[in-house]
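Residues 1 to 194 in our numbering are what the sequence shown lists, from first letter to last. Glycine included, each C-beta is placed from N, C-alpha and C at the ideal position. Heads up, the thing below is written out as structure tokens.
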Amino acid sequence: MSEEAAPDPALSRLTAALGALPKRGLPPVEAWNPPSCGEIDIRIAADGTWHHNGSPIRREKLVRLFSTILRREADGRTVLVTPAECLAITVDDAPFLAVEMAVEGEGEGRSIAFRTNVDDLVQLDAGHSLRFEQDPEGGLKPYLHVRRGLWALVTRALTYDLVDLAEEREIDGQPWLGIAAGGQFHRIAPAGPA
Numbered sequence: 001m002s003e004e005a006a007p008d009p010a011l012s013r014l015t016a017a018l019g020a021l022p023k024r025g026l027p028p029v030e031a032w033n034p035p036s037c038g039e040i041d042i043r044i045a046a047d048g049t050w051h052h053n054g055s056p057i058r059r060e061k062l063v064r065l066f067s068t069i070l071r072r073e074a075d076g077r078t079v080l081v082t083p084a085e086c087l088a089i090t091v092d093d094a095p096f097l098a099v100e101m102a103v104e105g106e107g108e109g110r111s112i113a114f115r116t117n118v119d120d121l122v123q124l125d126a127g128h129s130l131r132f133e134q135d136p137e138g139g140l141k142p143y144l145h146v147r148r149g150l151w152a153l154v155t156r157a158l159t160y161d162l163v164d165l166a167e168e169r170e171i172d173g174q175p176w177l178g179i180a181a182g183g184q185f186h187r188i189a190p191a192g193p194a
């Protein structure tokens with residue numbers, strides 16, 4: 001009899017918050033290789049709003065469905081893919097937003113889980129890392145890897161919460177500011193003088 005890992009408490013808390021939403025697996029878009037059918041006038045705005053022909057898509061279930069068939073191509077395009085067709089869309093920043101965060105524990109044992117604007121639950125770990133980029137004003141923009149090369153921009157409010165968890169560590173002789181979670185140290189920026 002194999003021993004199952006204990007459920008992550010932060011992820012469990014977010015799962016409970018979603019309540020009775022039906023749970024479905026993701027379609028195997030990485031296995032589908034349909035011909036490219038050009039582009040479709042769908043745009044994901046920087047605030048996470050999906051638009052079709054210039055108008056916001058108001059049906060949340062439709063947005064959630066489309067989000068499950070997103071794929072990032074090797075050339076950097078984001079596409080909606082089915083077994084029969086592949087259509088390029090426009091993404092202003094990131095296809096998802098990380099809108100809720102749950103934190104349990106401290107230091108190496110800390111667990112951090114996120115919920116995206118399309119109700120993906122993502123536990124911060126080696127396969128779902130954070131990356132930090134500078135925005136044009138000089139601030140930090142954290143991104144969470146969700147799946148298949150697709151990232152979620154972490155909202156400003158959650159960014160402040162993440163920075164509150166930051167600590168300094170020396171890595172390869174250089175001081176770094178980062179966050180310990182999921183058995184990893186997620187680097188934010190060098191902590192020493194520039």
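To the nearest angstrom, report how far apart Ile-89 and Glu-60 are at their CA atoms.
-> Spanning the two alpha carbons is a distance of roughly 18 angstroms.
Tell me, which residues are paired with Ser-36 by DSSP?
-> In DSSP, Ser-36 forms a bridge with Cys-86.
Which whole runs of the beta strand (DSSP E) in the segment 66–126 are 3 residues long or more, in chain order?
-> 70–72, 78–81, 86–91, 96–104, 111–116, 121–123, all fully within the segment 66–126.
Along the chain, where does the beta strand (DSSP E) that runs through Arg-196 open and close?
-> With the chain represented from 1 up to 194, any question about residue 196 goes unanswered, as that position is not in the structure.
Given a threshold of 16 other Cβ atoms within 10 Å of its Cβ, counted over all protein chains shown, does Leu-195 qualify as buried or as exposed?
-> With the chain covering only 1 through 194, there is no way to say anything about residue 195.
Apart from the five residues just before and just after Asp-125, which ones in its own chain have a Cβ nearer than 7 angstroms to its Cβ?
-> Taken in chain order, the residues that qualify are Gly-182, Gly-183, Gln-184.
Taking 8 angstroms as the CB-CB cut-off, is Met-101 touching chain B?
-> The chain inventory of the structure shown lacks chain B, comprising one protein chain alone.
When Ala-31, Asp-119, Thr-78, Glu-85 are compared against Glu-100, the one with the closest alpha-carbon = Nearest option by C-alpha distance: Asp-119.
Can you tell which of Pro-190, Arg-147, Gly-173 has the C-alpha that lies nearest to the C-alpha of Arg-71?
-> When only C-alpha atoms are compared, the closest one is Arg-147.
Burial state of Thr-155, where buried means 16 or more other Cβ atoms lie within 10 Å = With 16 or more other Cβ atoms within 10 Å, it is buried.
Among all the DSSP beta bridges, which residues are the ones paired with Arg-131?
-> Beta-bridge pairing by DSSP links Arg-131 to Tyr-143.
Helix, strand or coil: which one does DSSP assign to Ala-31?
-> Correct three-state label for Ala-31: helix.
Measuring CB to CB, does Asp-92 end up less than 8 angstroms from Arg-43?
-> For Asp-92 and Arg-43, yes; Cβs fall inside 8 angstroms.
Measure the Cβ-Cβ separation of Ala-152 and Leu-144 and say whether it is below 8 angstroms.
-> Yes.
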